[in-house]
Amino acid sequence: MTRPIPTLTDLGDVRGKRVLVRTDFNVPMENGAITDDFRIRAALPTINWLTERGATVVTASHLGRPKGAPTPKYSMDAVRVRLAELAPGVELLENLRFDPGEEANDAAFVERLVQGIDMYVDDAFGACHRAHASIVGPPRTLPSAMGLLLQKEVEVLLGLRNNPKRPFVAILGGSKISDKLGVVEALLAVVDSLVVGGAMCFTFLAAQGYPVGDSLWEPDQVDTCKRLLAESAANGKTIHLPEDLVGVDATGRFATFGVRLPEGAKGFDIGPGTAAAFSDVIMEARTVFWNGPMGMFEDPRFEAGTRTVAQAMADTSAFTVVGGGDSAAALAQFGFADDVDHVSTGGGAALELLELGDLPGLEALRGAPNA
Ligand code: ADP
Ligand code: MG
Numbered sequence: 057m058t059r060p061i062p063t064l065t066d067l068g069d070v071r072g073k074r075v076l077v078r079t080d081f082n083v084p085m086e087n088g089a090i091t092d093d094f095r096i097r098a099a100l101p102t103i104n105w106l107t108e109r110g111a112t113v114v115t116a117s118h119l120g121r122p123k124g125a126p127t128p129k130y131s132m133d134a135v136r137v138r139l140a141e142l143a144p145g146v147e148l149l150e151n152l153r154f155d156p157g158e159e160a161n162d163a164a165f166v167e168r169l170v171q172g173i174d175m176y177v178d179d180a181f182g183a184c185h186r187a188h189a190s191i192v193g194p195p196r197t198l199p200s201a202m203g204l205l206l207q208k209e210v211e212v213l214l215g216l217r218n219n220p221k222r223p224f225v226a227i228l229g230g231s232k233i234s235d236k237l238g239v240v241e242a243l244l245a246v247v248d249s250l251v252v253g254g255a256m257c258f259t260f261l262a263a264q265g266y267p268v269g270d271s272l273w274e275p276d277q278v279d280t281c282k283r284l285l286a287e288s289a290a291n292g293k294t295i296h297l298p299e300d301l302v303g304v305d306a307t308g309r310f311a312t313f314g315v316r317l318p319e320g321a322k323g324f325d326i327g328p329g330t331a332a333a334f335s336d337v338i339m340e341a342r343t344v345f346w347n348g349p350m351g352m353f354e355d356p357r358f359e360a361g362t363r364t365v366a367q368a369m370a371d372t373s374a375f376t377v378v379g380g381g382d383s384a385a386a387l388a389q390f391g392f393a394d395d396v397d398h399v400s401t402g403g404g405a406a407l408e409l410l411e412l413g414d415l416p417g418l419e420a421l422r423g424a425p426n427a
């Protein structure tokens, strides 16, 4: 048995204490303005829990990829303004990744982070799969706990992994192909079937011998896809792939295709037949995990597949979980964000927790002095 992860009540009395809360304020920005404050609002239950009990809260987060040096574009100023509106009096440190010590998990940087701090709370699920200084450092010395957001994420995702109602279906799409191929194998061990759309599908289609034109695919991953297809078949699991596609032809004109793409064509969405078939799988499932849009939904010509899948996620009676920044954005864009059971704040972290059943950030909390 692994040790339990301490929760907020395991901190004891927080009155008068300075509590460092590692949040995930990595919000989408455009021209210096926050386009969606979901991640800031998501941290409020934990912040309020602490302030209501008399703690002083100091929040800290990364934003973007500033590569270890102060970068005006990635300053926390806009987040600080929004946070002050939502939670007056709560402090926010500067972007953690302005210091190379954050990503390097440097001991001296941890030392500076915890100076004057009495307790540590991790509520940054989206960063828990990284062994960065602000995630794994403070629990080595400070009484620590997971925040309410992190606690909910862990409960939901470990529930999926350890005890899902079956059939359990995972739907994968998006564009981070080789990143996500790693988890396909692990997912295949826990799901009953896997549905693959988005740019992900082209490497699988290529593995089946279909021409994919100029679509986004990864030739060096074809062998992996071949192996995954063979293994899943041998284990009685289905990998559902598109049977029709939507995109542009070699002249750049909108076109619909079967499963073979002509030379120069690009697939940007699953076709209507595929979208209907994927919906059926979702409707018949009892647990569904969705990560990655089915197409380039930012372009209205290529949003239909993602919209249909989002609609099915809203309509099915299955327990539904969505992970991934762009998948969550698509769900919100189509107005279904409130119609699924859980929208995860972490894409990579959700996949890794499903894959491995643990994360460096959780392991660190289990080792805290109060655990
Ligand atoms: P998430 O953030 O949900 O984990 P990803 O970041 O992996 O998802 O991928 C999201 C991106 O994938 C979107 O910007 C979308 O436009 C892109 N995408 C999906 N399908 C395709 C495709 N067929 N060709 C190119 N890009 C695609
Ligand atoms: Mg993304």
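So the mapping is simple: my numbering equals the position in the sequence shown, first residue as 1, plus 56.
Just so you know, even glycine gets a beta-carbon here, dropped at the ideal spot from N, CA and C.
- For secondary structure counted as the alpha helix (DSSP H) over 4 or more consecutive residues, the stretch 247-306 holds these complete runs in sequence order: 256-263, 278-290.
- If you look at Leu415, you'll find it isn't in any beta strand (DSSP E); DSSP assigns it neither H nor E.
- Between the beta-carbon of Ala255 and that of Leu272 there is about 4 Å, and that keeps the pair under the 8 Å contact cut.
- Taking 8 Å as the cut-off, one finds at least one heavy atom of the ligand ADP near enough to the beta carbon of Met352.
- Rounded to whole angstroms, the separation of the alpha carbons of Ala116 and Pro122 is 15 Å.
- Inter-residue distance for Leu64 and Tyr176 is about 10 Å (C-alpha atoms, whole angstroms).
- The beta carbons of Leu169 and Gly203 sit no closer together than 9 Å.
- When the beta-carbon positions are compared, Cys184 and Gly417 come within less than 9 Å of each other.
- About 20 Å separates the CB atoms of Tyr130 and Asn161; that is not less than 8 Å, and the two are not in contact.
- Distances from the CB of Asp382 to the heavy atoms of the ligand MG include at least one below 8 Å.
- The criterion of a C-beta distance shorter than 9 Å is satisfied by Thr330 and Glu299.
- Cβ neighbours of Pro126 within its own chain (closer than 6 Å, five residues either side excluded): Phe154.
- Straight-line measurement puts the Cα of Glu319 at about 41 Å from the Cα of Arg186.
- In chain order, Val378, Val399 place their CB closer than 7 Å to the CB of Ala384, counting only its own chain and leaving out the 5 sequence neighbours on each side.
- Counting along the chain, Lys322 sits inside the beta strand (DSSP E) bounded by residues 322-326.
- The C-alpha of Leu387 is placed about 14 Å away from the C-alpha of Pro356.
- Assignment of Thr107 by DSSP, reduced to helix, strand and coil, places it in the helix class.
- Relative to the non-hydrogen atoms of the ligand MG, the Cβ of Gly230 comes within a distance shorter than 8 Å of at least one.
- Annotated three-state conformation of Met352 is coil, per DSSP.
- Residue side-chain check: Asp80 keeps its Cβ at 8 Å or more from all non-hydrogen atoms of the ligand ADP.
- The beta-carbon distance between Val251 and Ala262, rounded to whole angstroms, is 18 Å. This is too long to meet the 8 Å contact definition.
- Judged by their CB atoms, Ala393 and Glu209 are not nearer to each other than the 9 Å cut-off.
- With a cut-off of 8 Å on Cβ pairs, the stretch 345-359 is in contact with the stretch 226-246, counting three or more such pairs.
- Leaving aside the five residues that flank Leu415 on each side, the residues in its chain whose CB is nearer than 7 Å to its CB run, in chain order, Cys184, His185, Ala405, Glu408, Leu409.
- With contacts defined by Cβ atoms closer than 9 Å, Thr294 and Ser249 form a contacting pair.
- With contacts defined by Cβ atoms closer than 9 Å, Pro101 and Pro199 do not form a contacting pair.
- Residue burial annotation: Lys322 is buried, with at least 16 other C-beta atoms found within 10 angstroms of its C-beta.
- For Pro267, the shortest separation between its Cβ and any heavy atom of the ligand ADP does not lie below 8 Å.
- Residue range 133-142 is occupied by the alpha helix (DSSP H) that includes Asp133.
- Annotation for Phe334 indicates a beta carbon at 8 Å or more from all heavy atoms of the ligand ADP.
- Every beta strand (DSSP E) of 3 residues or more that sits fully in the stretch 167-211 is shown, in chain order, as 175-178, 200-202.
- Excluding the 5 residues flanking it on each side, Pro60 has no same chain C-beta neighbour closer than 6 Å.
- Comparing alpha-carbon positions, the option among Glu287, Val337, Val146 lying closest to Ala368 turns out to be Val337.
- The ligand MG approaches Gly403 closely enough that one of its heavy atoms is under 8 Å from the residue's Cβ.
- In this structure, Ala370 is the residue among Ala370, Cys257, Gly413, Ala374 with its C-alpha nearest to the C-alpha of Asp395.
- Distance from the CA of Ala164 to the CA of Pro195, rounded to the nearest whole angstrom, comes to 15 Å.
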